[in-house]
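Chemist:
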Amino acid sequence: LDPTAAERAARELGGPPDLGAGLGVDVADRASAGRLLERVLERFGRLDVVVNNAGLNRHGSNADQSEADWDAVLAVNLKGAFNVCQAAIPTLQQQRSGRIVNVASRVWVSGSLPAYTASKAGLVGLTRSLARELGPWNVTANAVAPSLVATPFTRAGRSEEEFAAIAARAINQTPLGRLATPEDVAVAVAFFASPDAAFITGEVLHVCGGAQLAPA
């Protein structure tokens, strides 16, 4: 919902001024997601890749997570991805080509905060549903599932000491011995969006340094 950050990211792409555009969108609102697709088509004339990376998290256990926090997380992380994909489907089908990449999380396997875990597990399920439904139109759908990445998003709501303890546990479970970086995630997304992944659909790529080999 922060158009300033989106515009800054667009500028950081470099290249011609019309290469990127930053828009503030509430993906949890179906009409807002629809307007996003309209703006994309107005500006670029086609749609090749959809990446669902909007995310929200709320702290709490299964015993005490509030209904409002549960609903908010599912609305952005799962419903939001569905809204964007649903808005994009007619164009992708008409073009008979396209890529959908959903950014999930390793927690869909390992478990973590309840609403976040449920939303990311649901996102994997949605990805597989999209892959099956859209395959006949040459549209692929895949998910990238990172482990912990040190970003403002993952630090939010935690003290430095709390985050350091969480990071230490994550590193201890990771054979490659470090946290994931945004660049690690970006190259995985770029792979699924590329021609090299033309015959891959319905898959989940864990970007976690081997953490999936260790106990949760």
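Taken in order, the sequence shown gives residues 1213 to 1428; the numbers are from the numbering used here.
Ideal placement from N, C-alpha and C gives every residue a C-beta, glycine not left out.
So which of Arg1255, Gly1257, Arg1258, Asn1265 has the shortest CA-CA distance to Asp1238?
Modeler: The residue given as residue 1238 occupies position 26 in the sequence shown. Nearest option by C-alpha distance: Asn1265.
Chemist: Just to confirm before moving on: does the CB-CB distance between Val1252 and Val1315 stay below 8 Å?
Modeler: Sequence index remark: in the sequence shown, residue 1252 carries index 40 (1-based). Sequence index remark: in the sequence shown, residue 1315 carries index 103 (1-based). In this structure, Val1315 does not lie closer than 8 Å to Val1252 by Cβ.
Chemist: Evaluate contact between the region 1380-1393 and the region 1353-1363, counting only Cβ atoms and requiring at least three cross-stretch pairs below 8 Å.
Modeler: At 8 Å Cβ cutoff, the stretches touch.
Chemist: Quick check: what's the CA-CA separation for Ala1357 versus Gly1257?
Modeler: To locate residue 1357, count along the sequence shown from 1; it is residue 145. To locate residue 1257, count along the sequence shown from 1; it is residue 45. Distance between the alpha carbons of Ala1357 and Gly1257 is about 30 Å.
Chemist: Would you check if there are 3 or more beta carbon pairs closer than 8 Å linking the region 1298-1307 to the region 1395-1409?
Modeler: Judged by Cβ distances under 8 Å, the region 1298-1307 makes no contact with the region 1395-1409, as fewer than three pairs qualify.
Chemist: Taking the straight line between their C-alpha atoms, what separation do you get for Ala1376 and Pro1215?
Modeler: To locate residue 1376, count along the sequence shown from 1; it is residue 164. To locate residue 1215, count along the sequence shown from 1; it is residue 3. Roughly 31 Å between the two C-alpha positions.
Chemist: By how many angstroms is the C-alpha of Gly1323 removed from the C-alpha of Gln1385?
Modeler: As a working note, residue 1385 is residue 173 in the sequence shown. As a working note, residue 1323 is residue 111 in the sequence shown. In a straight line, the C-alpha of Gln1385 is about 14 Å away from that of Gly1323.
Chemist: From Leu1231, Arg1370, Leu1338, pick the residue whose C-alpha is nearest to that of Gly1272; which is it?
Modeler: Along the sequence shown, read from residue 1 onward, the residue named residue 1272 stands at position 60. It is Arg1370 whose Cα lies nearest to the Cα of Gly1272.
Chemist: So what's Gly1310 in DSSP terms, helix, strand or just coil?
Modeler: Translated into positions along the sequence shown, residue 1310 becomes position 98. Three-state result, Gly1310: strand.
Chemist: Quick one: what does DSSP say Pro1407 is sitting in, helix, strand or coil?
Modeler: Residue 1407 sits at position 195 when you count from the first residue of the sequence shown. Three-state result, Pro1407: helix.
Chemist: From Trp1349 to Leu1235, what distance separates their C-alpha atoms?
Modeler: For the purposes of this step, residue 1349 is identified with residue 137 of the sequence shown, where counting begins at 1. For the purposes of this step, residue 1235 is identified with residue 23 of the sequence shown, where counting begins at 1. In a straight line, the C-alpha of Trp1349 is about 28 Å away from that of Leu1235.
Chemist: Indicate the three-state DSSP secondary structure (helix, strand or coil) for Thr1352 in the structure shown.
Modeler: Residue 1352 sits at position 140 when you count from the first residue of the sequence shown. Strand.
Chemist: Please confirm whether Leu1290 and Leu1342 have their CB atoms less than 8 Å apart.
Modeler: In the sequence shown, residue 1290 corresponds to position 78, counting from 1. In the sequence shown, residue 1342 corresponds to position 130, counting from 1. Cβ atoms of Leu1290 and Leu1342: not closer than 8 Å.
Chemist: Which residues mark the beginning and the end of the beta strand (DSSP E) in which Asn1264 is found?
Modeler: Taking the sequence shown and counting its residues from 1, one reaches residue 1264 at position 52. That run of the beta strand (DSSP E) goes 1261-1264.
Chemist: Going by beta carbon distance, what residues of the same chain come within less than 8 Å of Ile1383, once the five residues before and after it are set aside?
Modeler: Looking up residue 1383 in the sequence shown gives position 171. The residues are Gly1389, Arg1390, Leu1391.
Chemist: Is the beta carbon of Arg1311 closer than 8 Å to that of Ala1405?
Modeler: To locate residue 1405, count along the sequence shown from 1; it is residue 193. To locate residue 1311, count along the sequence shown from 1; it is residue 99. Their beta carbons are under 8 Å apart, which means Ala1405 touches Arg1311 by this criterion.
Chemist: Would you call Arg1223 buried or exposed, if buried means 16 or more other Cβ atoms sit within 10 Å of its Cβ?
Modeler: Reading the sequence shown from its first residue, position 11 is the one you call residue 1223. Per the 10 Å Cβ criterion, exposed.
Chemist: Using 8 Å as the threshold, is the C-beta distance between Val1419 and Ala1400 below it?
Modeler: Taking the sequence shown and counting its residues from 1, the one referred to as residue 1419 is at position 207. Taking the sequence shown and counting its residues from 1, the one referred to as residue 1400 is at position 188. It is a contact, given that the beta carbons lie within the stated cut-off.
Chemist: Figure out for me which residue from Ala1409, Trp1320, Gly1421, Trp1282 has the closest Cα to the Cα of Val1313.
Modeler: In the sequence shown, the residue the question calls residue 1313 occupies position 101. When each option's Cα is compared against that of Val1313, the closest is Ala1409.
Chemist: Can you list, in chain order, the residues of its chain whose CB lies under 8 Å from that of Ser1309, leaving out five sequence neighbours each side?
Modeler: As a working note, residue 1309 is residue 97 in the sequence shown. Correct list, in chain order: Asp1260, Trp1349, Asn1350, Val1351.
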